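For reference, the structure is listed below as structure tokens.
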Amino acid sequence: MQQTILAISGKPGLYKLVSRAKNSLIVEALDGTHRRQPAFATDRITSLADIAMFTETDDVPLMKVLESMKSLEEGKKASIDPKKASNDDLREYFAKVLPEFDRERVHNSDIKKLIQWYNILVEAGITDFEEEMSPTEGDNIDDRKEKE
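With the first letter of the sequence shown counted as 1, position 76 gets the number 59 in this note's numbering; the numbers rise by one all the way through.
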């Protein structure tokens, strides 16, 4: 079953898309509380399936990076604590996950966020990253044209 996992700017954690309302999306927190709330068009909402990491050659979809982390960690939570690790430790860890990452364009905060997201997903039981997560559908402009 595919699901859309979202990051919402200004709100901690990750969210699963539950439903679409007229002027908002209904999302459910993946933090264990399963709290549902609306996310509005004014919120900056990004599907994890739409994110990629910079490398020296082509950008790598976040789903492939998460799969690589899962292989490295054998499906368990990350072995590094992003809050306590030094910048050098973060980069050394990420080099094991994605050896060809662009060291100038990938910031330490990006690596921390990636590790935090990975841990949230593992705790929520979402570990088949390439199969379970799907890109978002566009703006549904075509649907509105059909209704006019």
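No residue lacks a Cβ here, since even glycine has one placed at the ideal position from N, Cα and C. It should be emphasised that the depicted structure is a prediction, and the values quoted were computed from it without experimental measurement.
Open item on the list: Let me confirm a value: F23 is counted as buried when at least 16 other C-beta atoms fall within 10 Å, else exposed. Which label applies?
Closed with: As a working mapping, residue 23 is identified with position 40 in the sequence shown. The residue in question, F23, is exposed, as its Cβ has fewer than 16 Cβ neighbours within 10 Å.
TODO: Compute the Euclidean distance between the alpha carbons of A194 and D72, then round it to the nearest angstrom.
DONE: Past the boundaries of the shown model lies residue 194; the chain is included only from -16 to 131, so the question cannot be answered.
Open item on the list: I'd like the span of the alpha helix (DSSP H) that includes S51, first residue to last.
Closed with: For this step, residue 51 is matched to residue 68 along the sequence shown. That run of the alpha helix (DSSP H) goes 45 to 56.
Task: Three-state secondary structure assigned by DSSP to V105 - done: As a working mapping, residue 105 is identified with position 122 in the sequence shown. DSSP places V105 in helix when its eight states are reduced to three.
Task: Counted within 10 angstroms of its Cβ, other Cβ atoms place E75 as buried (16 or more) or exposed - done: Indexing the sequence shown from 1 puts residue 75 at position 92. Flag for E75 reads exposed.
Task: Burial state of P65 (16 or more Cβ within 10 Å) - done: As a working mapping, residue 65 is identified with position 82 in the sequence shown. Result: buried.
Open item on the list: Does the contact criterion of 3 or more C-beta pairs under 8 Å hold for the segment 6 to 16 versus the segment 48 to 63?
Closed with: no
Task: Neighbour-count burial assignment, A78, 16 or more Cβ in a 10 Å radius - done: Within the sequence shown, the letter at position 95 stands for residue 78. Classification for A78: exposed.
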